[in-house]
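Student:
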Amino acid sequence: MRAIMIREPGGPENLEWTEVPDPVPGPGEVLLDVAASAVNRADLLQRQGHYPPPPGASEILGLECSGTIAELGEGVTGWQVGDEVCALLAGGGYAEKVAVPAVQLLPVPGEVKLLAAAGLPEVACTVWSNVVMHAGLGEGDVLLVHGGAGGIGTHAIQVGKALGATVAVTAGTGDRLERCRQLGADIVINYREQDFVAELRKEAGGADVILDNMGAKYLGKNVDALATGGRLVVIGMQGGVKGELNIGKLLTKRASIAATGLRGRPVEEKGEIVAAVREQLWPLVERGSVRPVIDQVVSLGKAADAHRRLEEGGVFGKVLLAVS
Numbered sequence: 552m553r554a555i556m557i558r559e560p561g562g563p564e565n566l567e568w569t570e571v572p573d574p575v576p577g578p579g580e581v582l583l584d585v586a587a588s589a590v591n592r593a594d595l596l597q598r599q600g601h602y603p604p605p606p607g608a609s610e611i612l613g614l615e616c617s618g619t620i621a622e623l624g625e626g627v628t629g630w631q632v633g634d635e636v637c638a639l640l641a642g643g644g645y646a647e648k649v650a651v652p653a654v655q656l657l658p659v660p661g662e663v664k665l666l667a668a669a670g671l672p673e674v675a676c677t678v679w680s681n682v683v684m685h686a687g688l689g690e691g692d693v694l695l696v697h698g699g700a701g702g703i704g705t706h707a708i709q710v711g712k713a714l715g716a717t718v719a720v721t722a723g724t725g726d727r728l729e730r731c732r733q734l735g736a737d738i739v740i741n742y743r744e745q746d747f748v749a750e751l752r753k754e755a756g757g758a759d760v761i762l763d764n765m766g767a768k769y770l771g772k773n774v775d776a777l778a779t780g781g782r783l784v785v786i787g788m789q790g791g792v793k794g795e796l797n798i799g800k801l802l803t804k805r806a807s808i809a810a811t812g813l814r815g816r817p818v819e820e821k822g823e824i825v826a827a828v829r830e831q832l833w834p835l836v837e838r839g840s841v842r843p844v845i846d847q848v849v850s851l852g853k854a855a856d857a858h859r860r861l862e863e864g865g866v867f868g869k870v871l872l873a874v875s
């Protein structure tokens, strides 16, 4: 098969469209003919040499895909050859074929096209596991989403609204904020021009749940923005890895902070998340309350162009990589 490989750590020019051995499904796995994958910021870090795959995972980039089941491994039940699915991956999505544990498969939901479904698994599992399963977002809560225009952000806006929350987002331009509002965001904050803590306090009194991709840079301000009993979930480090924490403020607010990752979890844990997504989130997708937000579709062989586009900024939602 053909796949995108990293010649050496560095820029997008080091991505190479080349032939590699076909994967073979092991026990409990299925083999997919990939229709499309999607670009995530973790892929950029891996390309640069900063985010190696977990032990045993494919060296090929790609944390999600959609496709058709081509072969069932030993012991797999509940799926058939020919089923159209999307999948959460630990790697291997930038390829014509990928082997994936069957517990990490999701059916293509409702009216969503097979190609567009490639942009769902990573954001769906990330948002649901953090915002709902961990932080317990519910009706009437206030959810603050940093990076509201990105893949995670555009999905989190829709999930928050579908669950009856008031959703606040940060983004860097008026156009992106307006598009977030069109997705359902109630409060939009330009982080280049406004203090998100002051704006959030003024508009909503504080956040019950914050989904943060910045890490250290926003740590202190996020604690300031939390309401009493608030939950801060850190899922990224775009703003650095070390910050200063005022524990006194955290104690006064009886608030909590968690930092979580998805890729390195055991297959069993990922399977539990995928099962919860299928049972509780997929009906919202099937009804159209939550939908994939696609910025652009690029041929998989031109993955380097897609990486450049994400690095340059301006992407709203997901960039997909189509195999054909």
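Residue numbers (our numbering): 552 to 875.
Glycine residues also receive a C-beta, built at the ideal position from the N, C-alpha and C atoms.
1) Helix, strand or coil: which one does DSSP assign to Gly-781?
2) Buried or exposed for Glu-729, please, with buried defined as at least 16 other CB atoms from any protein chain shown within 10 angstroms of its CB.
3) In the DSSP output, what is Thr-569 paired with across the bridge?
4) Here's the rule I'm using: 16 or more other beta-carbon atoms within 10 Å means buried, otherwise exposed. How should Ser-850 be labelled?
5) Beta-carbon separation of Gly-699 and Cys-731 under 9 Å?
6) Label Ile-740 either buried or exposed according to how many other C-beta atoms from any shown protein chain fall within 10 Å of its C-beta, with 16 as the threshold for buried.
7) Counting pairs of Cβ atoms below 8 Å between the stretch 649 to 658 and the stretch 680 to 692, do you hit three or more?
8) Spatial neighbours of Val-674 within its chain, please: CB distance less than 6 Å, with the 5 preceding and 5 following residues excluded, ordered by chain position.
9) Under three-state DSSP, which class holds Val-632?
10) Using a Cβ-Cβ cut-off of 8 Å (strictly less than) and excluding sequence neighbours within five positions of Asn-591, which residues of its own chain qualify?
11) Tell me Cys-676's beta-bridge partners as DSSP assigns them.
12) Consult DSSP for Asn-773 and reduce its assignment to one of helix, strand or coil.
13) According to DSSP, which residues form a beta bridge with Pro-658?
14) Assuming Glu-795 and Gly-766 form a contact by the criterion Cβ under 8 Å, report the distance between their Cβ atoms to the nearest whole angstrom.
15) Opposite Ser-850 in the DSSP bridges: which residues?
16) If you draw a straight line from the alpha carbon of Gly-577 to that of Ala-716, how long is it in whole angstroms?
17) Measuring only the C-alpha atoms, how far is Gly-812 from Ile-786?
18) Hey, could you find the ends of the alpha helix (DSSP H) Pro-834 is sitting in?
19) Which residues in the same chain have their Cβ closer than 8 Å to the Cβ of Glu-567, if we skip the five residues on either side of it in sequence?
20) Per the DSSP calculation, Leu-694 is bridged to which residue(s)?
21) Do Gly-579 and Pro-605 have their beta-carbon atoms positioned less than 9 Å apart in this structure?
22) Sort Val-841, Ala-776, Leu-872, Gly-600 by Cα distance to Gln-733 and report the nearest one.
23) Note down the Cα distance separating Gly-864 from Leu-595, rounded to an integer number of angstroms.
24) Is DSSP giving Glu-820 helix, strand or coil here?
25) If you compare alpha carbons, which of Val-581, Glu-635, Thr-619, Val-585 is closest to Met-552?
26) Roughly how many whole angstroms lie between the Cα atoms of Ala-809 and Glu-823?
27) Between the Cα of Gln-789 and those of Val-844, Asp-846, His-697, Leu-783, spot the shortest distance and give me the residue it belongs to.
28) I need the DSSP call for Val-582, collapsed to helix, strand or coil.
29) Please report the Cβ distance between Val-663 and Pro-843, rounded to the nearest whole angstrom; I am assuming they are in contact, meaning their Cβ atoms lie under 8 Å.
30) Am I right that Arg-782 and Asp-759 are in contact with their C-beta atoms under 8 Å? What's the rounded C-beta distance?
31) Run the CB neighbour count on His-858, radius 10 Å, all protein chains shown included, and call it buried at 16 or more, exposed below.
32) Measuring CB to CB, does Pro-560 end up less than 9 Å from Ala-855?
Tutor: In brief:
1) Taking the sequence shown and counting its residues from 1, the one referred to as residue 781 is at position 230. DSSP places Gly-781 in strand when its eight states are reduced to three.
2) Within the sequence shown, residue 729 is the residue found at index 178, counting from 1. Under this definition Glu-729 is an exposed residue.
3) Here residue 569 is taken as the residue at index 18 of the sequence shown, counted from 1. According to DSSP, Thr-569 bridges with Ala-554.
4) Sequence index remark: in the sequence shown, residue 850 carries index 299 (1-based). Exposed, since its Cβ has fewer than 16 Cβ neighbours within 10 Å.
5) Here residue 699 is taken as the residue at index 148 of the sequence shown, counted from 1. Here residue 731 is taken as the residue at index 180 of the sequence shown, counted from 1. When the beta-carbon positions are compared, Gly-699 and Cys-731 come within less than 9 Å of each other.
6) Your numbering for residue 740 matches position 189 in the sequence shown. Using a 10 angstroms sphere on the CB of Ile-740, the tally of other CB atoms reaches 16 or more, which defines it as buried.
7) no
8) Mapped onto the sequence shown, residue 674 falls at position 123. So the qualifying residues of the chain are Gly-702, Ile-703, His-706.
9) Looking up residue 632 in the sequence shown gives position 81. Coil, per DSSP.
10) Taking the first residue of the sequence shown as 1, we reach residue 591 at position 40. Leu-614, Glu-615, Glu-673, Gly-702.
11) Position 125 of the sequence shown, counted from the start, is the residue given in the question as residue 676. Looking at the DSSP assignment, Cys-676 forms no beta bridge with any residue, so it has no partner.
12) Locating residue 773 in the sequence shown gives position 222, where the first residue counts as 1. Residue state, collapsed to three classes: helix.
13) Here residue 658 refers to the residue found at position 107 of the sequence shown. DSSP lists Val-636 as partners of Pro-658.
14) On the sequence shown, residue 795 is found 244 positions in, with the first residue counted as 1. On the sequence shown, residue 766 is found 215 positions in, with the first residue counted as 1. Actually they are not in contact, since the Cβ atoms of Glu-795 and Gly-766 sit about 13 Å apart, beyond 8 Å.
15) Reading the sequence shown from its first residue, position 299 is the one you call residue 850. Answer by DSSP bridge pairing, in chain order: Ala-873.
16) Residue mapping note: residue 577 aligns to position 26 of the sequence shown, counting from 1. Residue mapping note: residue 716 aligns to position 165 of the sequence shown, counting from 1. Each residue's alpha carbon lies about 42 Å from the other.
17) Looking up residue 812 in the sequence shown gives position 261. Looking up residue 786 in the sequence shown gives position 235. Using only the alpha carbons, I get a separation of about 6 Å.
18) In the sequence shown, counting from the first residue as 1, residue 834 sits at position 283. Run containing Pro-834: 833 to 837, per the alpha helix (DSSP H) assignment.
19) The residue labelled residue 567 in the question sits at position 16 within the sequence shown. Excluding positions up to five away in sequence, the list reads Ile-555, Met-556, Ile-557, Arg-558.
20) In the sequence shown, the residue the question calls residue 694 occupies position 143. Per DSSP, Val-718, Val-760.
21) By one-based count along the sequence shown, residue 605 stands at place 54. By one-based count along the sequence shown, residue 579 stands at place 28. No. Outside cutoff.
22) Your numbering for residue 733 matches position 182 in the sequence shown. Nearest option by C-alpha distance: Val-841.
23) Working through the sequence shown from its first residue, we reach residue 864 at position 313. Working through the sequence shown from its first residue, we reach residue 595 at position 44. If I take the Cα positions, the gap works out to 13 Å.
24) For the purposes of this step, residue 820 is identified with residue 269 of the sequence shown, where counting begins at 1. Helix.
25) The residue you call residue 552 lines up with position 1 of the sequence shown. Ranking Val-581, Glu-635, Thr-619, Val-585 by Cα distance to Met-552 puts Val-585 first.
26) Looking up residue 809 in the sequence shown gives position 258. Looking up residue 823 in the sequence shown gives position 272. Approximately 19 Å between the Cα atoms of the pair.
27) Counting from 1 along the sequence shown, the entry for residue 789 is found at position 238. The shortest C-alpha separation from Gln-789 is found at His-697.
28) Locating residue 582 in the sequence shown gives position 31, counting from the first residue. The sequence given here has Leu at residue 582, not Val. It is a strand residue.
29) What you label residue 663 is simply residue 112 of the sequence shown in a count that begins at 1. What you label residue 843 is simply residue 292 of the sequence shown in a count that begins at 1. Their Cβ separation, rounded to whole angstroms, is 6 Å, which keeps Val-663 and Pro-843 in contact under 8 Å.
30) Reading the sequence shown from its first residue, position 231 is the one you call residue 782. Reading the sequence shown from its first residue, position 208 is the one you call residue 759. Confirmed, Cβ separation roughly 7 Å.
31) Taking the sequence shown and counting its residues from 1, the one referred to as residue 858 is at position 307. By the 10 Å Cβ count, His-858 comes out buried.
32) Walking along the sequence shown from the start, residue 560 turns up at place 9. Walking along the sequence shown from the start, residue 855 turns up at place 304. No. Outside cutoff.
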